[in-house]
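Peer 1:
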Amino acid sequence: MIRKLLNGDIDRVADIWLKTNLKAHYFISNQYWKSNYELVKEMMSQYEVYVFEADKMIQGFVGLNDEYIEGIFVSDEIQSCGIGKFLLDYVKDKKVSLRLNVYQKNARAISFYQREAFIIQCEGLDEATGEKEYTMLWKRK
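Anchor point for the sequence shown: position 85 equals 161 in the numbering used here, and the numbering is continuous, going up by one each time.
Here it is, written out as structure tokens:
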């Protein structure tokens with residue numbers, strides 16, 4: 077089931093955010109993610125966040141800032157089971173277009189978004205990490 081984030085969900089969602097970033101972005105210092113943990117928890121309430129819950133346990137979430145996807149995160153143990161696609165389809169139904177940034181070294185995420193009809197628009201640099209990234213765009217047909 078997908079539902080809106082509740083205040084009581086923030087710790088669980090932030091833990092998924094941290095663990096997923098540490099694993100997916102092995103090329104960025106662990107300290108970078110850990111030092112942003114509290115800020116991310118504070119920002120959760122400012123964004124449109126939807127959680128995927130099964131058996132009363134949050135297993136993933138997507139964060140939106142208008143039509144910008146801040147991120148899609150799925151618990152490590154259950155990645156590649158369709159939850160990310162389920163969350164993405166959910167927000168595609170709500171928006172006419174979506175965009176996001178993804179690190180160039182995160183080949184798995186780039187492949188996922190390309191399978192889901194996102195196209196690379198441009199290349200940039202994430203100032204905070206010094207890593208190259210792509211801006212990707214999806215538009216409803």
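For glycine and all other residues, C-beta sits at the position ideal for the given N, C-alpha and C.
1) Closer than 8 Å is the cut-off here; do at least three beta carbon pairs connect the segment 146 to 154 with the segment 105 to 114?
2) By the three-class DSSP mapping on this structure, what secondary structure does Gln180 have?
3) If you run the structure through DSSP and keep just helix, strand and coil, what is Arg88?
4) Using 8 Å as the cut-off, classify the Cβ of Lys80 as near or not near the heavy atoms of the ligand ADP, replying yes or no.
5) From the DSSP output, read off the bridge partner residues of Leu174.
6) Would you tell me roughly how many angstroms separate the C-alpha atoms of Tyr102 and Ile145, rounded to the nearest one?
7) Could you tell me the alpha carbon to alpha carbon distance between Thr96 and Ser187, rounded to whole angstroms?
8) For Phe194, which three-state DSSP category applies?
9) I'd like to check one pair, Ile196 with Ala135: are the Cβ atoms closer than 9 Å?
10) Alpha carbon to alpha carbon, how far is Thr205 from Glu124? Give it in angstroms, no decimals.
11) Can you tell which of Lys132, Lys217, Leu94 has the C-alpha that lies nearest to the C-alpha of Gly68?
12) Using C-beta distances below 6 Å, list every residue in its chain close to Arg216, excluding the 5 sequence neighbours before and after it, in chain order.
13) Among the residues of its own chain, which have a CB less than 7 Å from the CB of Lys117, if the five just before and after it don't count?
14) For Val127 and Leu163, what's the separation of their Cα atoms in angstroms?
Peer 2: Put simply:
1) no
2) coil
3) helix
4) In the structure on display, the ligand ADP does not appear, and there are no ligands present to speak of.
5) Trp214
6) 21 Å
7) 17 Å
8) coil
9) Checking the displayed sequence, the identity of residue 135 turns out to be Gln instead of Ala. Not closer than 9 Å, so no.
10) 25 Å
11) Lying outside 77 to 217, the shown extent of the chain, residue 68 is not represented and no answer is given.
12) Val172
13) Ile86, Ala90
14) 8 Å
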